[in-house]
Amino acid sequence: MNYLRVMSLIVGSTLLMLLVFMLCRLTLVLLSFDPEAATHQDDLQRSLMIAARFDIAFIFRANLLSVLFALAVLPLGHNYIGLHRSIWLFARLWALFIMLVGLALSVTNIVYIRFFGRPFDSFVFHGLGYGADKTLQSVAALDDFLPALGALLALSLIVIWACVVGFSIIERQTEKRVLSKQGFGVLLVGTLILYLSLGRGTLTTFPLAQKHLIVSSISAVNNVVPNGVVALYYGYQDFRRSKDFGLASDHQGRQLFEAFYGAAPGSSSLFPQFFVQTRKSEGLRSSPPDVVLNLVESMGQGLLLDRFNGSVPLVGALAPHLQQDYYFQHFLPAHNDTQKSVLSLLLNTEHSEISYSSHQYTKLETSAAQIFKRSGYRTVFIYAGFEGTKNRSEYFKRQGFDEFIGARQLKRLYPEMAMSVWGGDDKYVYEQAIERLKYGRVDSKPLLIVTLSVTNHPPYKMPGHVEEKTPLSSKALASRLGALPMASMETFRYTNDQLGYFLAEIKESALKEKTIVVVTGDHAGRGLDFTEQEALHQVSVPLYFYIPNRYELEIAKGATDSVASHKDVMPTLYHLALSEARYPNLGRNLFAELDPAGPHNFAYHSDYLVVGDRALGAVDPEGRGAVWRLQGLDMISSPAAESHVNFERAVQYPKILDWLTRYQLVGSDLVAEP
190 MNYLRVMSLI
200 VGSTLLMLLV
210 FMLCRLTLVL
220 LSFDPEAATH
230 QDDLQRSLMI
240 AARFDIAFIF
250 RANLLSVLFA
260 LAVLPLGHNY
270 IGLHRSIWLF
280 ARLWALFIML
290 VGLALSVTNI
300 VYIRFFGRPF
310 DSFVFHGLGY
320 GADKTLQSVA
330 ALDDFLPALG
340 ALLALSLIVI
350 WACVVGFSII
360 ERQTEKRVLS
370 KQGFGVLLVG
380 TLILYLSLGR
390 GTLTTFPLAQ
400 KHLIVSSISA
410 VNNVVPNGVV
420 ALYYGYQDFR
430 RSKDFGLASD
440 HQGRQLFEAF
450 YGAAPGSSSL
460 FPQFFVQTRK
470 SEGLRSSPPD
480 VVLNLVESMG
490 QGLLLDRFNG
500 SVPLVGALAP
510 HLQQDYYFQH
520 FLPAHNDTQK
530 SVLSLLLNTE
540 HSEISYSSHQ
550 YTKLETSAAQ
560 IFKRSGYRTV
570 FIYAGFEGTK
580 NRSEYFKRQG
590 FDEFIGARQL
600 KRLYPEMAMS
610 VWGGDDKYVY
620 EQAIERLKYG
630 RVDSKPLLIV
640 TLSVTNHPPY
650 KMPGHVEEKT
660 PLSSKALASR
670 LGALPMASME
680 TFRYTNDQLG
690 YFLAEIKESA
700 LKEKTIVVVT
710 GDHAGRGLDF
720 TEQEALHQVS
730 VPLYFYIPNR
740 YELEIAKGAT
750 DSVASHKDVM
760 PTLYHLALSE
770 ARYPNLGRNL
780 FAELDPAGPH
790 NFAYHSDYLV
800 VGDRALGAVD
810 PEGRGAVWRL
820 QGLDMISSPA
830 AESHVNFERA
840 VQYPKILDWL
850 TRYQLVGSDL
860 VAEP
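190 is the number of the first residue of the sequence shown in the numbering used here; add one for each residue after it.
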């Protein structure tokens, strides 16, 4: 009766795990649903139905090995009692292991959703490149960590107790049960058909797949669907696919070119046609500016606004500079992840893993550092983190940076700098940038300096040298924090202070006449609570320019009011700083008049496209998405899906980035004629 026992065990395990998974989902709904999401009852019911199908399919598939063992010994009848007992023991232990793993991953998935706003995805596997120690310390700093750990331990004990009791009941009930051969045959065929059907998640032609995870235009509803195991599985599949590079199809590239730019490419080689050139300027040739691009960890735009920060002065010493200079408040990062955003902005690629893959040795012509070097610049990257993180030091030097200064080199330069799990202290990044600007020109070459901060990153540890300030306190701000500790607001303000001091030192010295400074976030702070209507505020980052008078071009009226994104930063800098420089035509000069017919009149984020007063979001694997009407960055309504020529262009943008990357890494499928 091993087969009957195993099947009974799987049915019992399924009921228990359905209860546990649904309890996790109920917790997620209570913690993360805003009033808008709560009104979508039909979507929520549909999501729970599909979620139950995923749960059952997971449990049945995971226990298939026990079923196969039970089937394999059926011909032995009641002989080999020891073998039967071993299989029953394995089935019990395996089922318990599956349940505990499913429970642990589902509880962890709740913490992940609370922080990132999405279930487990490929970032989990990309994040392994940071090292287990950094990851564990970052997770332990979250407010959700201890409650989640306590809940996990309590639920694990309950599951173990339920399994011990349940397994004992199954064993007693099946020990002396006798079925006729005919009855057992019917049972065998019927249970196997049902088992295979439920294991597929459906009785119809097509089994459950990744596309079924999207059931609503409301992200919070979609987050309910996958349990932790399912989310992690599809995250791994996305991660694995992201590492495969096929040849760049010349035919596809030409189709993308025409769809994006609105005109067919010439018959010559396609890749160079993606590049354009800045104007000729004798002034820039004879007196080029130094350029500093500051990429700031988790610098969200929302927290700079009284509307979201409860009037707590989180902007710190940066405040007067935002008031005095060019400040874009409707601005989106490329991604919600540092590595992806930085590589997208500096290299024009969506493939963030190439810095530590076999393709790390290939130089990219689309690299911003290469473009500045070709214009005679010396290029320096100053990073508060450790040089080996994601192989950034070696990789960025291969992509055109003459120097890469990380935490270990900063420690040698500034012995008093305290170290953390992620590296050093942002203060010394900006001090080193000032030193380079004052004394670092080599052979009279102008400087491009890119900085990347780390202090405002979990575990949100304030540097020891900071004088104690008035503690941050605001009920309105606290209500926004969600999974974040208040310490994250302290580190947010600290980095803003350091940026403000950096800008003040430039403006109070001779550097003010020859230095262009840009500040933007790599991504917004994660884990904060926003409503569905505020989804763009949740991901938005600021963009700031300080431009000396001598380098100011004619500034278009209302330029800073437009919606833009990371793709536009480097093209703007090329036009401000470089004469006759070839660069990839993938963004616009933000200070130029907006060309209504131009291809770049959209803002790109990996989850949203913004064109004019419309936002396209929540795109499913089949390319469908909800279209929202905007007022600023507020998503004020969701009209019926509509088509727009710039949406049609905008959706080609990541495909073009992929094509350009593959062309540079593995080449084209076009075979030259002899």
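Ideal placement from N, C-alpha and C gives every residue a C-beta, glycine not left out.
Boundaries (first-last residue) of the beta strand (DSSP E) holding residue i
i	result
valine 816	815-820
aspartate 479	479-485
glycine 806	803-806
threonine 704	704-710
phenylalanine 497	Unbroken run through phenylalanine 497 is the alpha helix (DSSP H), 495-498; no beta strand (DSSP E).
leucine 212	From DSSP, leucine 212 is part of no beta strand (DSSP E) but of the alpha helix (DSSP H) over 191-221.
valine 466	For the sequence presented, residue 466 should be read as glutamine rather than valine. From DSSP, the beta strand (DSSP E) with glutamine 466 extends over 464-466.
phenylalanine 734	732-735
phenylalanine 517	515-517
tyrosine 797	797-800
Among the options, the one whose alpha carbon lies nearest that of residue i
i	options	result
leucine 688	Arg567, Tyr619 and Lys701	Tyr619
valine 418	Gln528, Glu447, Leu292 and Ala340	Leu292
arginine 715	Tyr683, Thr709, Asn525 and Ser633	Asn525
aspartate 223	Arg468, Glu592, Val410 and Val706	Val410
leucine 385	Ser547, Ile199 and Ile358	Ile199
alanine 713	Phe520, His764, Ser197 and Ala420	Phe520
glutamate 576	Leu717, Lys562 and Leu599	Leu599
lysine 746	Phe780, Glu769 and Asn738	Phe780
arginine 851	Leu670, Tyr422 and Asn537	Asn537
glycine 390	Ala437, Leu503, Ala241 and Leu212	Ala241
leucine 610	Asp322, Thr203, Cys352 and Arg468	The residue asked about is misnamed: residue 610 is valine in this sequence, not leucine. Checking every option, the nearest Cα to that of valine 610 belongs to Asp322.
alanine 337	Thr297, Trp350, Phe304 and Ser311	Thr297
phenylalanine 279	Ile299, Phe593 and Val256	Val256
proline 522	Pro454, Glu486 and Ile407	Glu486
arginine 474	Tyr422, Lys634 and Asp427	Lys634
leucine 767	Ser470, Pro454 and Asn790	Ser470
serine 236	Ala261, Pro264, Ser408 and Arg274	Ser408
asparagine 685	Glu782, Leu484 and Thr761	Leu484
leucine 204	Pro773, Cys352, Phe312 and Val313	Cys352
Limits of the unbroken alpha helix (DSSP H) element including residue i
i	result
alanine 241	230-251
serine 826	Serine 826 -> not in any alpha helix (DSSP H); beta strand (DSSP E) instead, spanning 823-826.
arginine 771	Arginine 771 -> not in any alpha helix (DSSP H); beta strand (DSSP E) instead, spanning 771-773.
leucine 792	According to the sequence provided, residue 792 is alanine. The question's leucine does not apply to it. That residue, alanine 792, is in no alpha helix (DSSP H); its beta strand (DSSP E) goes 792-794.
phenylalanine 449	439-450
aspartate 615	615-628
Through-space distance from residue j to residue i, alpha-carbon basis
i	j	result
glycine 787	tyrosine 450	8 angstroms
glutamate 721	alanine 693	38 angstroms
glycine 653	tyrosine 683	12 angstroms
glutamine 399	asparagine 498	37 angstroms
aspartate 711	threonine 380	53 angstroms
leucine 700	arginine 818	43 angstroms
tyrosine 425	phenylalanine 243	17 angstroms
lysine 844	serine 457	21 angstroms
leucine 282	tyrosine 301	28 angstroms
alanine 506	glutamate 656	15 angstroms
histidine 646	leucine 219	27 angstroms
leucine 207	isoleucine 245	7 angstroms
aspartate 718	glycine 306	9 angstroms
glutamate 862	aspartate 439	Because glutamate 862 carries a pLDDT of 40, less than 50, the predicted location of this residue cannot be relied on, and the following value inherits that uncertainty. C-alpha separation (whole angstroms): 14 angstroms.
glycine 472	alanine 330	51 angstroms
arginine 194	alanine 284	12 angstroms
leucine 215	methionine 678	29 angstroms
leucine 494	leucine 641	23 angstroms
Cβ shell of residue i (< 7 angstroms), same chain only, five flanking positions each side left out
i	result
glycine 589	Ser556, Ala558, Gln559, Lys562 and Thr568
aspartate 847	Glu539
aspartate 333	Val300, Arg303 and Ala672
6 angstroms Cβ shell around residue i - same chain, five flanking residues per side excluded
i	result
aspartate 632	none
glycine 355	Gly201
leucine 854	Phe434, His548 and Thr551
glycine 491	Phe497 and His726
methionine 759	Ala557
serine 221	Ala409
8 angstroms Cβ shell around residue i - same chain, five flanking residues per side excluded
i	result
glutamine 549	Ile543, Asn580, Glu583, Tyr584 and Arg587
Cβ-heavy atom distance, residue i to the ligand GDP, below 8 angstroms
i	result
glutamine 490	No copy of the ligand GDP occurs in the structure displayed, which carries no ligand at all.
Give the list of continuous beta strand (DSSP E) stretches no shorter than 3 residues that lie fully inside the stretch 533-600. 567-572 and 592-594
Run through the stretch 635-700 for me and flag every whole alpha helix (DSSP H) of 4 or more residues, listed as ranges in chain order. 664-670 and 676-696
In chain order, which continuous runs of the beta strand (DSSP E) of length 3 or greater are located wholly inside the stretch 295-353? none
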